[in-house]
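One structure is given below, encoded as structure tokens.
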Amino acid sequence: MQGIDEWKERIRKLFNKIEISVSPYDTAWVAMVPSPYSSHLPCFPSCIDWLVDNQLIDGSWGPNHNGHVLIKEALSSTLACVLALKQWGIGQEHVNKGLQFIESNITSAIDENLSSPIGFEIIFPHMIRSGEELGLNVPISPKFLDVMVSKRELELKSYFPCLQFPFLRCLSEGRSSYLAFISEGINRSSNDWKLVMKHQRKNGSLFNSPSTTAAAFMHLKDTGCLNYLRSVTEKFGSSVPVAYPLDIYVRLSMVDHLIRLGIERHFAEEIRSVLDETYRYWLLNDEQIFHDIATRSIAFRLLRLNGYIVSSDRLTLVSIEDDFIFLEHHPKTIDDALELYKALQYTQENHHLWSSEFLKEKLSSCMINNNGLDNYITHSMVDDALKFPFHVDVGRMANRRNIEKYMVNHSMLLKASYSSSNIGNEDFLKVAVEDFNTCQYIYREELEKLKRWTLQYKLDKLKFARHRTEYHYFSAAVAFPSPDLSHARISWAKSAVLATMFDDFYDVGGSEEELKNLTQLVEKYYFSFFILFSVLHNTVNDIGSNAFEFQGRSVTSHIIELWLDFLNSMLQEAIWRRSKSVPTMDDYISNSFVSFALGAIVLPALHFVGPKLSDEAVHSCEMQTLYKLMSTCGRLLNDIKGFERESKEGKLNAVSLYMAERNGEATEEEAIENLMGIVLQQRREILGLVLQQEEGDLIPRAIKEVFWKMVQVLHIFYAKDDGFTSNAMVNAVNSIIYQPISLPQIK
């Protein structure tokens, strides 16, 4: 415990300190900037000193390029550093060693299997030409240089078929921005530079990029550019990062990582502070959020998920197609697309559907072609986003996957790579592993108590019933992962066990007379014999008694009502089945969303979530709507996945009823497609009700979120088949309850 407390304290301190790694490439460009008072003197001599003091033993500047993963960045950074030293006539020995490194590794410059910094194919050959103008003899054969130059021209023509230098007016916004971002790699006229300067930000920078801003100042002597460069060196000293400021993006990424690892509750105060600050920036239309797609997308997703009112219209301010023209080639734009794709899933507006589908198609294409996917935007990150969309990415299952794939030394690649201990941090991983295993221990203890409860009431003796106690508890643990929600988990799991027993009793275990008698006994609330009567009586009393402690009022009568509704709906289905009656689709859905049993399972558990629920809220139209939407989703998913089995058993099913109502003209595939459309629509309606929290709402947001979590659980259970009936959930149950996580080897 002392260890985890120390780790958490170090994490808390990171909220007040943003750490970004040094970029030799950008430091070199800042070092090239001449003094505004004399073109023969450097404006930032300390940056030149840093270059002299930080050359690696192999002659390069830049990242550790073992295995050649980052060799192109090392080439680009080394050439920029050599140019800076040559410009000021300093460090000839360092220049020579740098040139030797470039000569030894130059073949990597045209290797398409290696990671490329943004604009590398355009900037690197241009820097070689710039070196020749300085009298620098870059040791590259003319033939090889011609190959790179030809590749550069093809790159420009490929992306910008309408490009007619020196003017950029024919370009779309996305393409124009890209060319402006890599300005240090393009010869420009004075008119061209004026067009580039339309991208200047309030802080004086171009794209918050020291290298781009330095290049702009060298051509235009713009005061805003110089003030920005001075502010960066004042903050970071003799070396600069690849981008500044990144504070909002880094803090939001930090929050996102803590949430994905399942440890956000330990830092609730710090996270709320970050989100409050982000919301203020959002309302002020601050460029730190809106001039970067990834930042804008993460901000929207986290703000909306945490109850802030933000418009999704701010999510896509320019053409999606233009912004992601470079998607398959540059990791940064893959990251942008990935974050925007995740954010768009939390919108309710139909006009965003096309953008979401476009991004999904592009990301899928990246997976197939494996273009641009490397250690920065890993194959796994894109794969997970496509395999686990928001409606199945839930609870401890998602946490475990994220813990096992967490990269402590995670880097991002712009024109140079950068990392931040605020995002990739060993303490995050340690706390997450410890927390996961602690929660898992609690889950195992609760499950053992639940099993003893089933033995106490001899539920294991009921031969007609399916015994899936672990599955029931698993769904409760997924919906209520926090350790302090034990009562909610137990209420949920016990109710689910009983609902399954009653479901099987009404299906196969009892005669019609017994079913009617059972329902009458519940109506009188008098249980004197049979196992089911006794256990239901005691369980409802226990749940009601515990709920009284949380709510300060009796809710037992409401729980009885829920069970009565469930049993009456089961009785109706039994009558239909035994009389071979075929109800209309509307009658079936009106009854079957109740017989799906989530009312008796989920609604009593709401009393243990935390916020008090008034009787008015419990019986409100919104509560009924949430319950009906959730249950209908579950019923339709169950019927779709169980259609083949239930058809053989002669059970009513939405798929068969849909086809029957169309006189056999609808195929099974058409019926399933239509019903899945209903699931999608109702899922969106639930999410809308959860996210659109308003002051004075009867139902607290924490309560609404339970309905959404249940929908996520349902999609897990019915991902491939009827997971409840089959053994498909065994691995999922084991991963959450029985298999602890070992601290992964730090990558």
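Position 610, counted from 1, in the sequence shown is what my numbering calls 612; the numbers after and before it change by one each time, with no gaps. No residue lacks a Cβ here, since even glycine has one placed at the ideal position from N, Cα and C.
- Taking C-beta separations shorter than 8 Å and ignoring five residues to either side along the sequence, the partners of Met220 in its chain run Met34, Val35 and Pro36, following chain order.
- A check of alpha carbon separations from Glu687 across Val32, Tyr348, Ile273 and Ser649 identifies Tyr348 as the nearest.
- In chain order, Ser240 place their CB closer than 8 Å to the CB of Asp51, counting only its own chain and leaving out the 5 sequence neighbours on each side.
- Sorting Phe269, Ser117, Gly309 and Met409 by C-alpha distance to the C-alpha of Lys417 places Ser117 at the top.
- Closest option to Asp194, judged by alpha-carbon separation, among Ala86, Ser179 and Leu138: Ser179.
- Rounded to whole angstroms, Val715 and Gln57 show a C-alpha spacing of 54 Å.
- Collapsing the DSSP output to three states places Gln57 in coil.
- Leu415 is bridged by DSSP to Ser419.
- Collapsing the DSSP output to three states places Leu286 in coil.
- Nearest to Thr225 by C-alpha distance, out of Asp617, Lys711 and Leu208, is Leu208.
- Distance from the CA atom of Phe390 to the CA atom of Glu114, rounded to whole angstroms, is 30 Å.
- Leu208 sits in a strand when the DSSP states are folded into three classes.
- Contact fails between the stretch 471-478 and the stretch 431-443, because fewer than three Cβ pairs, one in each stretch, are under 8 Å apart.
- In its chain, beyond the 5 residues on either side, Leu600, Gly601, Val604, Leu605 and Phe709 have a beta carbon closer than 8 Å to the beta carbon of Tyr629.
- Collapsing the DSSP output to three states places Gln694 in coil.
- Secondary structure of Pro47 (DSSP, three-state): helix.
- Within the stretch 61-119, the runs of alpha helix (DSSP H) that reach at least 4 residues and sit entirely inside it are, in chain order, 73-89 and 94-107.
- Inter-residue distance for Leu181 and Tyr39 is about 30 Å (C-alpha atoms, whole angstroms).
- Under DSSP, Gln202 shares a beta bridge with Leu208.
- Within 10 angstroms of the beta-carbon of Leu77 lie 16 or more other beta-carbons, which makes it buried.
- The beta-carbon separation of Phe46 and Val32, rounded to 5 Å, stays under the 8 Å limit for a contact.
- Within a 10 Å sphere around the beta-carbon of Met625 sit 16 or more other beta-carbons, which makes this residue buried.
- Counting along the chain, His474 sits inside the alpha helix (DSSP H) bounded by residues Thr471 to Ala481.
- Cβ contact annotation for Arg253 (same chain, cutoff 6 Å, sequence separation greater than five): Val276, in chain order.
- Nearest to Arg262 by C-alpha distance, out of Leu16, Asn424, Ile405 and Glu663, is Ile405.
- The C-alpha of Gln350 is placed about 43 Å away from the C-alpha of Val537.
- In this structure, Lys153 and Ile112 form a Cβ contact; the two beta carbons are roughly 6 Å apart against a cut-off of 8 Å.
- Taking 9 Å as the cut-off, the Cβ atoms of Val542 and Met632 do not count as close.
- A Cβ-Cβ distance of about 5 Å is found for the pair Ala490 and Ala607, placing them in contact under the 8 Å criterion.
- Looking at the DSSP output, Pro247 sits in no beta bridge, so it has no partner there.
- DSSP places Pro38 outside both helix and strand once states are collapsed to three, so it counts as coil.
- In terms of CA proximity to Arg685, Thr634 leads the group Val735, Thr634 and Glu675.
- Remark: C-beta atoms of Ile22 and Tyr420 approach each other more closely than 9 Å.
- Between Val499 and Met572, the alpha-carbon positions lie close to 16 Å from each other.
- Shortest Cα-Cα distance from Phe126 to any of Glu135, Gly137 and Leu147 involves Leu147.
- Here DSSP, grouped into helix, strand and coil, assigns Gly554 to coil.
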